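To start, the structure under review is shown below, and the notes come after it.
Residue numbers (my numbering): 20 to 380.
Rendered as C-alpha cells:
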C-alpha cells in the first residue's frame, strides 16, 4: 500500500546522502577543517524514540560522514529554559553546526538567531524552529495526520459505527502539532462528529489520561466510537483511561512514532494503528545537513524542497513520507526495516496474539 512510496522516499534521500558523503571526502573540510563538533539538542525524554532511535542514528551517521567530527548531545527534558541554556552553552563553546529539535519553536528563536550571528548553522530536526534556520529534516506532518484520520474512518466504517470521536492533539507550542491536526481535520471534517478535542501539553500520557477521563464523563463511556491520538504516548494515556472506565472493547485509537509498547498494543488489539516515520532516513538527512553546513557546503544534494517558518523563507528541507502501520503491516515495515525483531515484539504473554497476527509463522 504505502510502503513503496516510503521506499522511494528513502531511496531518494539515500542518493542525496551518498553524494554528500562523497563530497565530504575531498578538500580540506571548509572553514572548520576536517573535524568539528556537531551539537545535538533533543526535546524530550517522554517520547522514547528520541533517545532510543534518533540520537544513536545521528551520532553514527555523523561519524560515518565525518570521522574527525564529534557529537555533543543534550536532552531538554521538555524544559524550554533548559534547552535555551544547553544551546547557548554550545554556541559559546563554538560548535561547528547544531541539530535542534526545539521544545518550543518560538521560544528558541533568540537562540537560533544567536547561533546565526556566531556563524553556526542550525538544522531544524523533526520540528521546524523559528529564526534563521539553515536546513530542515522531518516528515510531512500533514500526511501523518491524514494517515491517522483515514485509518480511524476505515475502522468506524468497517463496523458501521456512527458514534463520534475524541481528538487528542499535540502540544500547542509545537508547530508539528498544528500540522498534524490540520492534516487530520482535512479528512475528518464532514465525515464524523468530533465530540471532544484536547491539546495535550508536552504529549504527556498522564495529561492524556486526564483528558480522556473528562471526555468519557462528558460524552458517556459508550458514545465514543474512536480516538484520534496524535502519538503513541498520548495513545497510551487515552487507552489506560478507557480501560479504567471499563470501556470494552477499547474503540480504535491511533498513534504515531511506532514505539515498541505501541506496536505491542496493536498486536494485542488495544491500539488500532501507529504512524511509522523511518527514523534512519530522517536522522541521516539531518546528519548530512549538519556535516555539509559545518564544512560550508551547499545542501542541494540533500534537500529536495524548501519550507518557510515565520521569519525565514526557502529553508532547504528534506520531508520524508510516513507510513501507516496496523497489525498486518508490522512484519513488512518495522521488522523488515530492522526497527524491531519478532522476538522483541512477541513477548511470551503476546505469543498467542502474535500467532493470530501472523507474526510468528
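Note that CB positions come from ideal geometry on N, CA and C, so glycine has one too. None of the values given here were measured: they were computed from a predicted structure.
Three-state secondary structure (DSSP) of residue i
i: residue 143; result: strand
i: residue 273; result: coil
i: residue 66; result: coil
i: residue 57; result: strand
i: residue 292; result: coil
i: residue 213; result: strand
i: residue 204; result: helix
i: residue 237; result: helix
i: residue 184; result: strand
i: residue 197; result: helix
i: residue 343; result: strand
i: residue 40; result: Low local confidence applies: a pLDDT of 41 at residue 40 is under 50, so the model's placement there is unreliable, and no value is given.
i: residue 387; result: The chain is shown from 20 up to 380; residue 387 falls before or after that span and cannot be answered.
i: residue 245; result: strand
i: residue 118; result: strand
i: residue 123; result: coil
i: residue 324; result: strand
i: residue 338; result: strand
Extent of the continuous beta strand (DSSP E) run through residue i
i: residue 255; result: Counting along the chain, residue 255 falls outside any beta strand (DSSP E), though it belongs to the alpha helix (DSSP H) covering 251-263.
i: residue 92; result: 89-94
i: residue 157; result: 154-158
i: residue 313; result: Looking at the DSSP string, residue 313 is not in any beta strand (DSSP E); the run it does join, the alpha helix (DSSP H), is 298-313.
C-beta contact flag for residue i and residue j at 8 angstroms
i: residue 286; j: residue 143; result: no
i: residue 324; j: residue 338; result: yes
i: residue 268; j: residue 244; result: no
i: residue 57; j: residue 115; result: yes
i: residue 97; j: residue 67; result: no
i: residue 77; j: residue 59; result: yes
i: residue 171; j: residue 273; result: yes
i: residue 69; j: residue 94; result: yes
Option nearest residue i by Cα separation, candidates the options
i: residue 154; options: 332, 179, 380; result: 332
i: residue 216; options: 229, 186, 203; result: 186
i: residue 206; options: 164, 176, 329; result: 164
i: residue 202; options: 136, 172, 282, 160; result: 160
i: residue 82; options: 320, 373, 307; result: 307
i: residue 71; options: 276, 334, 283; result: 276
i: residue 175; options: 284, 210, 199; result: 210
i: residue 166; options: 249, 322, 330; result: 249
i: residue 242; options: 181, 284, 199; result: 181
i: residue 373; options: 282, 90, 327; result: 282
i: residue 345; options: 130, 200, 316, 293; result: 293
i: residue 304; options: 290, 319, 291; result: 319
Heavy atom of the ligand ADP within 7 angstroms of residue i beta-carbon
i: residue 307; result: With respect to the ligand ADP, the structure shown offers nothing to examine, as it has no ligands at all.
Where the alpha helix (DSSP H) containing residue i begins and where it ends
i: residue 333; result: Segment: none, residue 333 is in no alpha helix (DSSP H) and carries neither H nor E.
i: residue 77; result: 74-84
i: residue 111; result: 99-112
i: residue 317; result: From DSSP, residue 317 is part of no alpha helix (DSSP H); its letter is neither H nor E.
For the region 226-237 against the region 146-164, are there 3 or more C-beta pairs whose distance is under 8 angstroms? No, the region 226-237 does not touch the region 146-164.
So does the region 124-131 actually touch the region 180-199, counting three or more Cβ pairs closer than 8 angstroms? Inter-segment contact for the region 124-131 and the region 180-199 is present: three or more beta-carbon pairs are separated by less than 8 angstroms.
Are at least three pairs of beta-carbons, each pair with one atom in the region 350-367 and one in the region 305-312, less than 8 angstroms apart? Taking 8 angstroms as the limit for Cβ pairs, the verdict is that the region 305-312 does not touch the region 350-367.
Validate contact between the region 341-359 and the region 286-300 using beta carbons, cut 8 angstroms, 3 pairs: These segments touch.
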